[in-house]
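Residue numbers (this note's numbering): 415 to 620.
Backbone N, C-alpha and C define an ideal beta-carbon position, used for all residues, glycine too.
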């Protein structure tokens, strides 16, 4: 697992913390993102994150980046992409309180990236690190994403799981309809709608 430093001056609340997927949730899904030019915010994503910021709810991005293990791109590129993402969000007065990514894959590539790690979603390693780094114990957790792995992560950590219909979300919704064992707590059209639901659950930001 790799992590990038939390944003300075991030306000915190004891109410909750929100863990956000990257591709298909905050930014457009393009497959293996390997150029800065491809990185584009989804409509309303910055405003949604800004709402969390203003409510004092930590917004933490968790992303699997097995493209590193597969040799498609380097960790340095992932970090450059995340710096660009922070810049795009900052231009709209929004911020991520922390960013974590997993560069591993259990079967692809070569060591040290080919390994069965504890950080690749749906395993909870990135969440556990965020809890330590940002002092998030005893909060209500929400996980927002467009894939089954996000919902499984939510289930493992006892969080509310929110499926967004951006990215792979529509296809995932169809698959979830037949899977009675892994249903999201809420299905949102996009990140803005997901954040509105979160705030309604916490009765803040109104």
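Euclidean distance between Cα positions of residue i and residue j
{"i": "residue 461", "j": "residue 500", "result": "13 Å"}
{"i": "residue 434", "j": "residue 475", "result": "5 Å"}
{"i": "residue 561", "j": "residue 439", "result": "10 Å"}
{"i": "residue 604", "j": "residue 579", "result": "6 Å"}
{"i": "residue 459", "j": "residue 441", "result": "8 Å"}
{"i": "residue 465", "j": "residue 608", "result": "11 Å"}
{"i": "residue 553", "j": "residue 573", "result": "10 Å"}
{"i": "residue 457", "j": "residue 503", "result": "12 Å"}
Residues bridged to residue i (per DSSP)
{"i": "residue 477", "result": "515"}
{"i": "residue 600", "result": "576"}
{"i": "residue 559", "result": "577"}
{"i": "residue 570", "result": "Answer is none; residue 570 lacks a bridge partner."}
{"i": "residue 441", "result": "437 and 455"}
{"i": "residue 432", "result": "473 and 556"}
{"i": "residue 530", "result": "Looking at the DSSP assignment, residue 530 forms no beta bridge with any residue, so it has no partner."}
Environment of residue i [buried if 16+ CB atoms lie within 10 Å]
{"i": "residue 450", "result": "exposed"}
{"i": "residue 537", "result": "buried"}
{"i": "residue 480", "result": "buried"}
{"i": "residue 517", "result": "buried"}
{"i": "residue 546", "result": "exposed"}
{"i": "residue 521", "result": "exposed"}
Integer-rounded CB distance, given that residue j should sit under 8 Å from residue i
{"i": "residue 508", "j": "residue 463", "result": "4 Å"}
{"i": "residue 611", "j": "residue 576", "result": "7 Å"}
{"i": "residue 511", "j": "residue 473", "result": "6 Å"}
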